[in-house]
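Heads up: the structure comes next, in structure tokens.
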Amino acid sequence: MIREVPGEELARRLQVACPGAVEAWQDISLWVKPQRILEVCRFLNQMPGLEFNLLNSISGVDYIEHFEVVYHVTSTINLHSAVIKARVYGREEPSLPSVVSLWQGADFQEREVWDLMGVRFEGHPNMKRILLWEGYPGFPLRKDYLEAPR
Amino acid sequence: MPIRSEPVTVNVGPQHPSTHGVLRLRVTFDGEVILDMEPVFGYLHRGSEKLGEERTYTQVITLTDRLDYVASMTNNQAYVLAAEKLAGIQAPERGMYLRVIAAELQRVASHLVATGFLLNDLGAFATPLMYCFRERERILDLFEMLCGARITLSYMRVGGVFQDAPEDFWPALRKFMADMPHYLDEYEQLLTDNEILVTRTKGVSILNADHALNASVTGPVLRASGLPWDLRKIDPYEIYNRVQFDVPVGKAGDNYDRFKIRIDEMRQSLRIIEQCIDQIGPGPVRAIVPSLIRPPIGDAYGRIEGPKGELGFYLVSDGSIAPYRFKIRSPSLINLTVLRDILIGWKLADMIVTLGSIDINMGEVDR
């Protein structure tokens, strides 16, 4: 069985390693400050006992007042998983640091979040659209997206 | 006088018989050797995730059929498991057994397609493919008995399956189970030691396990690199903890291992079905679920071991009848992350084979 690590447990460990990075926790979710996401993920990836070495998925959710970027991570060594979330505010140019330097698997997934949700990942080596083409108007998965008239 | 050559950039696809759909690869060659490669996606993008936000939880099942269209059953299964997790619904036992039988049949069908097309890419034009499709056809016949459809199945529902298997299904399934091992032996006889296949694939495009894991590669591609990471074993869902099966792993992580592992996995799938037939008991196939499901506010990530890798659905509910967010974690797209790294230095002809060995489906890549 893969154990789902409670957010509280991770928050406690992060308090020492990355003070001030955690915003909140509930059940298996842990909210961290978007600007600290790379630092938090590096800790989760490298700390013995945690070693989250598999990035399952990165999802973007539009909650209208903010965007939420959700990271599902698993450790194939310790057989546990965690859900890390970051609330990103602002609709013009929301951005947070890229984790592609830790997990290569973030490459296409971050591009997809940028393409469809319009959240930019700073430090990504190839931050361009993936499913739609350059110059496509708007970001379709945003809740305020209106289809262009045909 | 030495002959000078300049790097040439070539577009392979989107309309190319060996790109498994409308995938475009922008490749830079030095002669025949690959210097750089960039995949270009989106030619089959239909906005499934946006469409899902405007459909009820049951209607979304039809969208999942159209992702990986050679493995609709497993797509259905991953979605309904995510929705059940979100809504807190438990499927009855017979429903779960039927889902596992259907999903394992689908895994065999999907691996048959993968094997057939890989041989097609190797230049064994159409003959091995037709052998593989002969058996796949019988699986599709079984699916037709279950739900009336052959490709876009929509057999599973949140809380079970759409209907119980008809009486005729069981003898037909037993007949298939009796025949299939001989077909697999036939493939092994024809292919596994085939000199052309072995020389073309052994040692080509090696992917080591650490690299694969770092790039979020899952499924047969990861297991071919030597890591026994199978969610059916490691995080058993449905009734997988009640059946015995092995997780085949490769050694080298080359194209040959990625071919061989699928043959081995088909045997294990048959083992699982065999045990399910023995264990399945009478009972309801579907929990009592309202026709319009309103899960509580929250989110859930449900995942299964699909034929191509970890297939996950991240669902967010706002308490209404439609998902607020319907996100698909598609193994086909994410497994392509490593394609560039394992191709560089190999030749054009190897590129097509490597792409075939990763086994992608464009319906799932572009969604």
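Chains as they are written, first to last, in this note's numbering: chain A, 241 to 390; chain B, 29 to 395. Just so you know, even glycine gets a beta-carbon here, dropped at the ideal spot from N, CA and C.
Item, Value
"Cβ of Gly340 (chain B) within 7 angstroms of any chain A Cβ", "yes"
"Cβ shell of Thr90 (chain B) (< 6 angstroms), same chain only, five flanking positions each side left out", "Ser182"
"Pro248 (chain B), DSSP secondary structure in three states", "helix"
"Cα-Cα separation between Gly75 (chain B) and Trp343 (chain A), rounded to whole angstroms", "26 angstroms"
"Chain A contact for Phe190 (chain B) (CB, 7 angstroms cutoff)", "no"
"Under the three-state DSSP convention, the category Met184 (chain B) falls into", "strand"
"Helix, strand or coil at Lys375 (chain B) [DSSP, three-state]", "strand"
"Cβ separation of Ile362 (chain B) and Ser244 (chain B), assumed to be a contact under 8 angstroms, to the nearest whole Å", "5 angstroms"
"Helix, strand or coil at Pro156 (chain B) [DSSP, three-state]", "helix"
"Terminal residues of the alpha helix (DSSP H) in which Ser297 (chain B) lies", "283 to 307"
"Neighbour flag for Phe348 (chain A) against chain E, beta carbons, 7 angstroms", "Annotation note: the requested chain E is absent from the structure, which comprises protein chains A and B."
"Endpoints, alpha helix (DSSP H) assigned at Met65 (chain B)", "Note, Met65 (chain B): premise wrong, no alpha helix (DSSP H); beta strand (DSSP E) at 61 to 68."
"Contacting positions in the segment 370 to 387 of chain B - beta carbon closer than 7 angstroms to chain A", "none"
"Near-chain A residues of the segment 344 to 356 of chain B - C-beta to any C-beta below 7 angstroms", "Val344, Arg353, Lys355"
"Among B:Lys113, B:Asn39, B:Pro312, B:Asp207, the one whose alpha carbon lies nearest that of Gly326 (chain B)", "B:Lys113"
"Members of the segment 328 to 344 of chain A near chain B, C-beta cut-off 8 angstroms", "Trp343, Gln344"
"Touch test, the segment 184 to 197 of chain B against the segment 304 to 314 of chain B, Cβ-Cβ under 8 angstroms, three pairs minimum", "yes"
"Val344 (chain B) versus Pro248 (chain B): straight-line alpha-carbon distance, rounded", "29 angstroms"
"Contact list for Asn318 (chain A) against chain B, beta-carbon separation under 8 angstroms", "Going along chain B, no residue has its Cβ under 8 angstroms from Asn318 (chain A), so there is no contact; the nearest lies around 12 angstroms."
"Identified DSSP bridge partners for Asn39 (chain B)", "B:Arg54"
"Stretch-stretch touch, CB-based, cutoff 8 angstroms, three pairs: the segment 366 to 379 of chain B with the segment 346 to 354 of chain A", "no"
"At least three beta-carbon pairs within less than 8 angstroms, the segment 99 to 116 of chain B to the segment 51 to 64 of chain B", "no"
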